[in-house]
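Quick note, in my numbering, the sequence shown goes up one by one and the last residue is 1276. Note that CB positions come from ideal geometry on N, CA and C, so glycine has one too. Computed from a prediction, not measured in an experiment: that's the story for all the values here. Just below is one structure, and these are the notes that go with it.
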Amino acid sequence: MARDFLNLTDAGGDAVAAMINDAIDRKAARLGQPKGRVDADAPLAGHVLAMIFEKNSTRTRVSFDMAMRQLGGSALIMEAGSTQLGRGETIADTARVLSRMVDAIMIRTDDHAKIEELAHYADVPVINGLTDLSHPCQTVADLLTVVEHGHALPGLQMAWLGDGNNVANSLIEAAGLMKFTIRLGCPEGYDADPAFIERARAAGGEVVVTRSPQEAAAGADVVVTDTWISMGQAGGEQKVAAMAPYQVDGALMALAKPSATFLHCLPAHRGEEVTDLVIDGPRSAVWDEAENRIHGQKSVLLWALGLL
Ligand code: CP
Ligand code: NVA
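Below, the structure is given as structure tokens:
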């Protein structure tokens, strides 16, 4: 069974919960083993994932590769610029060819319409490794990290600070599916995607939009931020100035619950969206979060191939 994972809604809340549980179990079962050792059941033995990159990546690239190895399969990397896709071969034809050669496709690209087109023409699962619109695999790792750090998802209070970007959109989607509250502290002009906000509210999540970073952070269980200028964005001094009050520093973290966890998908721009003291501090879970990209994506891969 081929299932696409372009956004969390493709899976739904029950499947996302199953992904988190399976990731917890698989992570525990291989604790202390060499990172490249195959899980005992090798559920993806013989399977190959093609990874297409139209943007830079460290975590997504390495974690998908390691996820496939641990599941008993393998992955190959296609830097779009050195493929025929980069010379104008159509997405549709690329999808048709890759579907004959590999078992699943992961793509990191800019325009979300491109991944939708790829998924439309591919016969194998297509997984979103980040688009300008969303980053659902990051959210699976984030939710896993939140649960591991002792927070229950239903009723969770999450604060997002800074740019209402792709990472924010997927967390908003999660708020709807997993029934939690997300307070978005974003400057005017940099709000998250309204369609994601509406969809999350319709699904039963609480989404609060505020211009006050203090209001967003107050009483939060989880405080999340990301770069102010995403890959492919223009940025500039005006945006940095608008974002400055939304920096996650000690004062903002002091407004969150004492048990609050700090998350950042990384890469971080220390001294911009977050201070060293916060990201290196005792409430930061960013290294667990990065590692959890492997464990979360194993669940995504199993779900996409109909094995979860
Ligand atoms: N968080 C994340 O997706 O990191 P990379 O850009 O390094 O893949
Ligand atoms: N919002 C960032 C996330 C990087 C993992 C970007 O799109 O560049």
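Residue i beta carbon near the ligand NVA (any heavy atom closer than 8 Å)
{"i": "N1133", "result": "yes"}
{"i": "R1027", "result": "yes"}
Closest Cα partner of residue i within the set the options
{"i": "A1168", "options": "E1205, A1142, V1177 and M1074", "result": "A1142"}
{"i": "L1270", "options": "L1053, P1181 and A1035", "result": "A1035"}
{"i": "R1261", "options": "I1247, L1098 and G1203", "result": "L1098"}
{"i": "D978", "options": "I1095, D1079 and A1170", "result": "I1095"}
{"i": "A1127", "options": "D1033, P1011, K1207 and V1176", "result": "V1176"}
{"i": "L976", "options": "V1065, A1109 and E1259", "result": "A1109"}
{"i": "V1006", "options": "T1113, K1266 and I1083", "result": "K1266"}
{"i": "V1070", "options": "A1081, D1079 and I1045", "result": "I1045"}
{"i": "C1233", "options": "M1074, A1136 and A1018", "result": "A1136"}
Where the alpha helix (DSSP H) containing residue i begins and where it ends
{"i": "M1034", "result": "R1027 to Q1038"}
{"i": "S1102", "result": "No alpha helix (DSSP H) contains S1102, which DSSP labels as neither H nor E."}
{"i": "F1164", "result": "P1162 to A1171"}
Alpha-carbon to alpha-carbon, residue j and residue i
{"i": "L1061", "j": "R1055", "result": "The amino acid occupying residue 1061 in the given sequence is Asp; Leu does not appear at that position. Approximately 13 Å, taken between the alpha carbons."}
{"i": "D1009", "j": "Q1038", "result": "10 Å"}
{"i": "E1241", "j": "G1014", "result": "42 Å"}
{"i": "F1230", "j": "R1029", "result": "23 Å"}
{"i": "A1163", "j": "L1101", "result": "11 Å"}
{"i": "G1049", "j": "S1067", "result": "20 Å"}
{"i": "A1224", "j": "A1185", "result": "5 Å"}
{"i": "L1016", "j": "H1103", "result": "The question names Leu, yet the displayed sequence has Val at residue 1016. Rounded to the nearest angstrom, the two C-alpha atoms are 22 Å apart."}
{"i": "T1051", "j": "A970", "result": "25 Å"}
{"i": "A1219", "j": "Q1182", "result": "9 Å"}
{"i": "P1155", "j": "V1268", "result": "33 Å"}
{"i": "G1132", "j": "S1198", "result": "10 Å"}
{"i": "A1120", "j": "L1111", "result": "10 Å"}
heavy atom of the ligand CP below 8 Å from residue i C-beta
{"i": "Q1201", "result": "no"}
{"i": "L1098", "result": "yes"}
Which of helix, strand or coil DSSP assigns to residue i
{"i": "T1149", "result": "strand"}
{"i": "N1096", "result": "strand"}
{"i": "A1008", "result": "coil"}
{"i": "H1119", "result": "coil"}
Residue interval of the beta strand (DSSP E) (run including residue i)
{"i": "W1128", "result": "Q1125 to L1129"}
{"i": "E1259", "result": "Note, E1259: premise wrong, no beta strand (DSSP E); alpha helix (DSSP H) at V1254 to A1272."}
Cβ of residue i within 9 Å of any chain B Cβ
{"i": "E1183", "result": "The question asks about chain B, but that chain is absent: this structure has only one protein chain."}
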